[in-house]
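Undergrad: Residues in the sequence shown are numbered consecutively from 0, following numbering that gives the first Met the number 0.
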Amino acid sequence: MEQKIIVNYDHRETRVALLEDGRLAEIYIERPLQQRMVGNVYKGLVENVIPGMQAAFVNIGEERNAFLYVDDIPQLRGEGSPSERMPIQRLLHVGKEIMVQVMKEPFGSKGARLTGNISLPGRYLVLMPGLNYVGVSKRISSQEERERLKKETERIKPEGVGVIVRTAAEGIDGESLMNDLQFLLQLWETTKELYCREKSPALLHRDAALIYRIIRDLFNDRISQFIIDNEQEYVKVLEILEMLSPQLKNRVFYYRNKEPIFERFCIEEEIDRSLSRVVWLRCGGYLVFDETEALTVIDVNTGKHTGKVNLEETIFKTNMEAAVEIARQIRLRDIGGIIIVDLIDMNSPNHRQKVLECLREEMSRDRTKSQVLGITNLGLVEISRKKVRQGLSANMQQPCSYCYGKGKVLSPEAVCSKVERELKKILKDSKVEAVLVEMNSEVAALMIGSGGLYLKKMEAETGKNIFVRGSDNLHIEKYKILMTGKLGEVERHALPVEEGGIYRVRVEEQHSSHPERGIARLHGYILDIEGAGEMVGEEVLVVIKETNRTSAKAVLWEKQG
0 MEQKIIVNYD HRETRVALLE DGRLAEIYIE RPLQQRMVGN VYKGLVENVI
50 PGMQAAFVNI GEERNAFLYV DDIPQLRGEG SPSERMPIQR LLHVGKEIMV
100 QVMKEPFGSK GARLTGNISL PGRYLVLMPG LNYVGVSKRI SSQEERERLK
150 KETERIKPEG VGVIVRTAAE GIDGESLMND LQFLLQLWET TKELYCREKS
200 PALLHRDAAL IYRIIRDLFN DRISQFIIDN EQEYVKVLEI LEMLSPQLKN
250 RVFYYRNKEP IFERFCIEEE IDRSLSRVVW LRCGGYLVFD ETEALTVIDV
300 NTGKHTGKVN LEETIFKTNM EAAVEIARQI RLRDIGGIII VDLIDMNSPN
350 HRQKVLECLR EEMSRDRTKS QVLGITNLGL VEISRKKVRQ GLSANMQQPC
400 SYCYGKGKVL SPEAVCSKVE RELKKILKDS KVEAVLVEMN SEVAALMIGS
450 GGLYLKKMEA ETGKNIFVRG SDNLHIEKYK ILMTGKLGEV ERHALPVEEG
500 GIYRVRVEEQ HSSHPERGIA RLHGYILDIE GAGEMVGEEV LVVIKETNRT
550 SAKAVLWEKQ G
């Protein structure tokens, strides 16, 4: 199987796709304003101990307190059954400081899940400071290689620390393992020093950014190409590989084509498909995905597949194809927790067993720990999959404000990124000097940014002029390219106000730097009104004195002259 890593880097978000035989298998998205927490190490402060749950809530300096279960506290190691171990009220008390690591992102109303068992991943090894143990990844199949790596690691590791040998270590010499271990040991010493010095709650160690993590965790000899569309990040990737795996540098390529990289590899359409509730199968059947906070239900239907032989054979073929696509979609959507699959009823025990075996085989490709538990008497397949972070849907969608949360729409951030990609395609035309685009006011505010920061960045990247118009009446996902062409022509149509014009507006807020001024908005266009700082919530008549790209200065009509 050929595997490729495709990276789309932008100032607003970084997207990494793993392709298997040309098809999208995994997608990772990271935005600067949405910092990932999994892997971060904190000096936490215990704020609540709940004996009835055998758990504690720990303040780590984030918006919500994090959850620490008794079995995730390292002091419990030793002999004896769980019932003989110390209860949490003897291990922790309110006000106690403790070093913890985030093992699961906060989701919905739940805070982050913590562990006291710290683990620090490197390129080839994972350091587990509280253990005294050497383990080898199960994905290394050669018994001879497993024994070699275990002996080599036992030889170099100091007493009192645990080490897990990662899949990427297969075939790696002892010197490379030693370098990786020394780096991790130094990182652990730095973390301990910070713990002694910092006042709780405090962040002691932040896990690496997405591209570095992909190189560390995913980029190995099985990956044939690593293709990235940003030159600066391309250079950084080569620098990282020079330290971690120099032999892989010749597999890294800078993508220079005009066609967006995700469109070139047909990734955009696959992402859109993975956000859909319904996924069609080639046979004519289809899958329906319903995600809730408690579990995910996947329903299999025959749909247009009527079959050519008999009903039982039609059902079997549909379920077999569904098993392959279900495993792929679970991995692609990054669905975690409890998953229930409602297969089409099969009378044949042999057919049920074959479908189950197919599903298990396909799920075995997943790097995230999962288990296919079996088929119940009702024909439901039970699957469990480790839930580490928010899935693709939670990352790219939000509850719909138009249907009171019963459905979903793209988040303003996702729409903004989508509009920017569309604009970049349009502005590659040398004849186009400027463009006027209309979108929902919330999306427009994101695209413009504070003080026009993001709009200026995009104009600098494209070398063209971009005019943004916001509309409260436009659906959050909708946008319109109203005009393209010469700068003068577009500019005349772009501004919603003109100098000397009189307009009735509502003062929305005080100016952040000059409280004597008020701020109003007209189709997403900012009006900076002199003397309106104390008139928030009132409707006023204003006269426009000066206009520019994203805002205008105005005075109150009653104070004119």
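Quick reminder that beta carbons are idealized off the backbone N, C-alpha and C, glycines included. Note that this is a predicted model, so its numbers are computed, not measured.
Jot down the residue ranges of each uninterrupted beta strand (DSSP E) in the stretch 365 to 433, minimum 3 residues, whole runs only, in chain order.
TA: 369 to 374, 379 to 384, 396 to 398 and 407 to 409
Undergrad: Run the CB neighbour count on V6, radius 10 Å, all protein chains shown included, and call it buried at 16 or more, exposed below.
TA: buried
Undergrad: Assuming M127 and G161 make a contact with CB atoms under 8 Å, what is their CB distance in whole Å?
TA: 4 Å
Undergrad: In its own chain, which residues sit with a C-beta less than 6 Å from the C-beta of N568, not counting the 5 before and 5 after it?
TA: Lying outside 0 to 560, the shown extent of the chain, residue 568 is not represented and no answer is given.
Undergrad: Can you tell me which of the three DSSP states N300 falls into?
TA: strand
Undergrad: For G107, count neighbouring C-beta atoms within 10 Å of its own C-beta (all shown protein chains included) and say buried if the count is 16 or more, exposed if not.
TA: exposed
Undergrad: Whole beta strand (DSSP E) runs in the stretch 62 to 124 with 3 or more residues, listed along the chain?
TA: Fully enclosed beta strand (DSSP E) runs of 3 or longer: 65 to 68, 96 to 103 and 112 to 114.
Undergrad: Within 10 angstroms of the Cβ of Y233, are there 16 or more other Cβ atoms? Answer buried if so, exposed if not.
TA: buried
Undergrad: Could you please give the first and the last residue of the uninterrupted alpha helix (DSSP H) stretch that includes H204?
TA: From DSSP, H204 is part of no alpha helix (DSSP H) but of the beta strand (DSSP E) over A201 to H204.
Undergrad: With DSSP collapsed to three states, give me the class of E361.
TA: DSSP places E361 in helix when its eight states are reduced to three.
Undergrad: How big is the Cα-Cα spacing for L331 and Y285?
TA: 17 Å
Undergrad: Taking 6 Å as the limit between beta carbons, can you name the residues of its chain near V414, skipping five residues before and five after?
TA: V442 and E476
Undergrad: Only counting the same chain, and skipping five residues up and downstream in sequence, which positions put a Cβ closer than 6 Å to that of Q100?
TA: So the qualifying residues of the chain are V40, T114 and I117.
Undergrad: With a cut-off of 8 Å, do at least 3 Cβ pairs link the stretch 498 to 510 to the stretch 477 to 490?
TA: As far as the Cβ criterion goes, the stretch 498 to 510 does not touch the stretch 477 to 490, which means the pair count is below three.
Undergrad: Taking one C-beta from the stretch 22 to 30 and one from the stretch 207 to 221 each time, how about it: are there three or more such pairs within less than 8 Å?
TA: Because the criterion of three Cβ pairs below 8 Å is met, the stretch 22 to 30 and the stretch 207 to 221 touch.
Undergrad: For G144, collect the residues of the same chain with a Cβ closer than 8 Å to its Cβ; drop the 5 residues on either side in sequence, then sort them by chain order.
TA: Reading the sequence as shown, one finds Glu at residue 144 and not Gly. Cβ neighbours of E144 beyond the five flanking positions: E169 and G170.
Undergrad: Which word fits V93, buried or exposed, when buried means at least 16 other C-beta atoms lie within 10 angstroms of its C-beta?
TA: So V93 counts as exposed.
Undergrad: Does the count of Cβ pairs from the stretch 333 to 346 and the stretch 286 to 296 closer than 8 Å reach three?
TA: yes
Undergrad: Considering only their Cβ atoms, is the gap separating Q389 from E146 smaller than 8 Å?
TA: no
Undergrad: Cα-Cα, which of D220, I543, L280 and C265 is closest to V251?
TA: D220
Undergrad: Under a Cβ-count criterion, where at least 16 other Cβ atoms within 10 Å of its own Cβ denotes burial, should L310 be classed as buried or exposed?
TA: exposed
Undergrad: Could you check if I501 is buried or exposed, using at least 16 other CB atoms within 10 Å of its CB as the buried criterion?
TA: exposed
Undergrad: Is the beta carbon of K456 closer than 8 Å to that of P200?
TA: no
Undergrad: Mind checking who T549 pairs with in its DSSP beta bridge?
TA: Its beta-bridge partners do not exist; DSSP assigns none.
Undergrad: Are N122 and R215 close, meaning C-beta to C-beta below 8 Å?
TA: According to the sequence displayed, residue 122 carries Arg and not Asn. Yes, they are a contact pair.
Undergrad: To the nearest angstrom, report how far apart K423 and I260 are at their CA atoms.
TA: 12 Å
Undergrad: Where does D179 land, buried or exposed, given buried means 16+ other C-beta within 10 angstroms?
TA: buried
Undergrad: How many angstroms separate the CA atom of R366 from the CA atom of P120?
TA: 15 Å
Undergrad: Kindly list the residues whose CB is nearer than 7 Å to the CB of R76, restricted to its own chain and excluding five residues on each side of it in sequence; keep chain order.
TA: The predicted model places R76 with a pLDDT of 48, which falls under 50 and marks its position as unreliable; any figure quoted below should be read in that light. Here the set comprises nothing.
Undergrad: Roughly how many angstroms lie between the CA atoms of R255 and D228, to the nearest whole one?
TA: If you take the alpha carbons of R255 and D228, they lie about 7 Å apart.
Undergrad: Looking at the structure shown, is Y564 part of a helix, part of a strand, or coil, going by DSSP?
TA: Absent from the structure is residue 564, since the part of the chain shown begins at 0 and ends at 560.
Undergrad: In chain order, which beta strand (DSSP E) runs of at least 3 residues are fully inside the stretch 219 to 295?
TA: 222 to 227, 251 to 253, 277 to 279 and 285 to 290
Undergrad: If you draw a straight line from the C-alpha of A111 to the C-alpha of L426, how long is it?
TA: So the two alpha carbons sit approximately 42 Å from each other.
Undergrad: Measure the C-alpha to C-alpha separation of S136 and A167 and round it to an integer number of angstroms.
TA: 9 Å
Undergrad: Assuming A443 is part of the alpha helix (DSSP H), what are its boundary residues?
TA: S440 to I447
Undergrad: For R22 and L494, what's the separation of their Cα atoms in angstroms?
TA: The straight-line gap from Cα to Cα measures roughly 44 Å.
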